[in-house]
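Residue numbers (the UniProt record's numbering), protein chains in the order written: chain G, 1 to 112; chain Z, 1 to 112.
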DNA sequence: CAGGAATATTCCTGTAAAGGAATATTAAAA
DNA sequence: TTTTAATATTCCTTTACAGGAATATTCCTG
């Protein structure tokens, strides 16, 4: 997984921007308004999201219409899939591991 | 989605810890060794991960065996699913939106 | 109980990043 | 061409956080 994507999403306002854009693309001004942000901060956050590949802008004269890009979401999904064993709770190899640890010390003595 | 989870995963070392733990639970010392971290830094990162609910420790006398918790991964998956329209690239409502923008201005004059 | 191993915590410092305010840029409109 | 709207950028300040080093804590073992 890409730490840049994660850190872009780590900021609450940016996460909210992404949630907003889930509905449909929006201009900077609309994003700022809906999220009660000042325009410059909105632009800055959008820049970070953009550099992380999470959003892209379509230029429409004066305005930029921002929308989500699918790639990071696909990557995130791929990454998550590699954890399927864990989050489906089929993950109980702890006992095995404890035994392995015991194994290293065995040869000395065995209490219960 | 929980921004706390995201920001916990935003730090590269912590992301690596999670990737390590995907295989199986590990002690602090082992994590530190494999990731070339000093023990205190490993402990600190594990604390952050722990407070985000991403890992939990099982106490084994002197040592703590850290393992992943399934919940954040499930949440992440749920969150991601709400973006399915986007990351499956079925997301092309931009045209609609542009028309909506045009609509607001229509009534004054219409150039192409 | 003394010593040592594994881990956590604290204190310090440097740095990155977020918000505020002001300003630059670009394109349309008058 | 001046004005205005939309957006981006810069500068400044404050704050959060990561790493280093030292130390505290806990538990085992002799």
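For glycine and all other residues, C-beta sits at the position ideal for the given N, C-alpha and C.
Practice task
Run the proximity test for residue 26 of chain G: is its beta-carbon closer than 6 Å to any non-hydrogen atom belonging to the ligand HEM?
Solution key: The ligand HEM is not part of this structure, which contains no ligands at all.
Handout entry: Enclosing alpha helix (DSSP H) for residue 14 of chain Z [first to last residue]
Key = 12 to 23
Exercise for the section: Report back the beta-carbon spacing between residue 21 of chain Z and residue 83 of chain Z to the nearest angstrom; my notes put them in contact at under 8 Å. Expected result: Actually they do not touch by this definition, with Cβ atoms about 26 Å apart.
Practice task
Identify which residue in Z:1, Z:27, Z:31 has its Cα closest to the Cα of residue 15 of chain Z.
Solution key: Z:31
Exercise for the section: Tell me whether the beta-carbon of residue 13 of chain Z lies closer than 7 Å to the beta-carbon of residue 45 of chain Z. Expected result: yes
Practice task
Would you tell me roughly how many angstroms separate the C-alpha atoms of residue 76 of chain Z and residue 6 of chain G, rounded to the nearest one?
Solution key: 12 Å
Exercise for the section: Could you tell me whether any Cβ in chain Z is nearer than 7 Å to the Cβ of residue 22 of chain G? Expected result: yes
Handout entry: Beta-bridge partners of residue 57 of chain Z, as assigned by DSSP
Key = Z:66
Problem - Residue-level contact to chain G via CB, residue 41 of chain Z, 7 Å cutoff - result: no
Problem - Whole-Å CB distance - residue 72 of chain G paired with residue 54 of chain G, under 8 Å assumed - result: 5 Å
Handout entry: Nearest candidate by alpha-carbon position, reference residue 11 of chain Z, set Z:47, Z:29, Z:25
Key = Z:47
Practice task
Report yes if the CB atom of residue 8 of chain Z is closer than 7 Å to the CB atom of residue 28 of chain Z, and no otherwise.
Solution key: no
Practice task
Measure the Cβ-Cβ separation of residue 69 of chain G and residue 56 of chain G and say whether it is below 7 Å.
Solution key: yes
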